[in-house]
Amino acid sequence: RAHEHVDEVVQPLPAWKDGSLETPVEDGRIYELAFDGSDADAERLERATGMGFLGDATEPYPEPRPCHATGEPTTRRVLMSRSY
119 RAHEHVDEVV QPLPAWKDGS LETPVEDGRI YELAFDGSDA DAERLERATG
169 MGFLGDATEP YPEPRPCHAT GEPTTRRVLM SRSY
């Protein structure tokens, strides 16, 4: 049951296109993304989304995915959310 709840709350972060997200983020959601960028990349994502990094997920991605900031392949999975 806990896994079902996590699957409902944790969603992939929408794709980044032309300096912003393709679709808006929803309140009450936690977003996961492949990220292996710099502190400056993280700050840019935080400003653009209004969310903050929560930290690394407990499990990395099984296969490399393009970093949301740099496009470089990474298995690092991080979580972001809005803080209230």
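Throughout, my numbering is defined as the position within the sequence shown, counted from one, plus 118.
For every residue, glycine included, the Cβ atom is placed at its ideal position computed from N, Cα and C.
This one's a predicted model, so the numbers in the text were calculated from it and none came from an experiment.
Can you look up residue i in the DSSP assignment and give me helix, strand or coil?
i, result
"Glu126", "helix"
"Glu164", "helix"
"Asp157", "helix"
"Ser201", "coil"
"Arg195", "strand"
Alpha carbon to alpha carbon, how far is residue i from residue j?
i, j, result
"Tyr179", "Thr193", "5 Å"
"Pro152", "Ser199", "Per the sequence presented here, residue 152 reads as Ala, with Pro not at that position. Cα to Cα, the separation comes out at about 15 Å."
"Val143", "Met169", "9 Å"
"Val128", "Asp174", "13 Å"
"Ala133", "Arg195", "15 Å"
"Pro130", "Cys185", "13 Å"
Beta-carbon separation of residue i and residue j under 8 Å?
i, j, result
"Thr188", "Asp154", "yes"
If I measure Cβ to Cβ from residue i and keep anything under 8 Å in the same chain, skipping five residues before and after, which residues do I get?
i, result
"Gly137", "Ala166"
Answer with yes or no whether the minimum CB distance from residue i to chain B is below 8 Å.
i, result
"Pro130", "Considering every chain present, this structure includes no chain B. It has just one protein chain."
Which residues in the same chain have their Cβ closer than 7 Å to the Cβ of residue i, if we skip the five residues on either side of it in sequence?
i, result
"Pro182", "Pro191, Thr192, Thr193"
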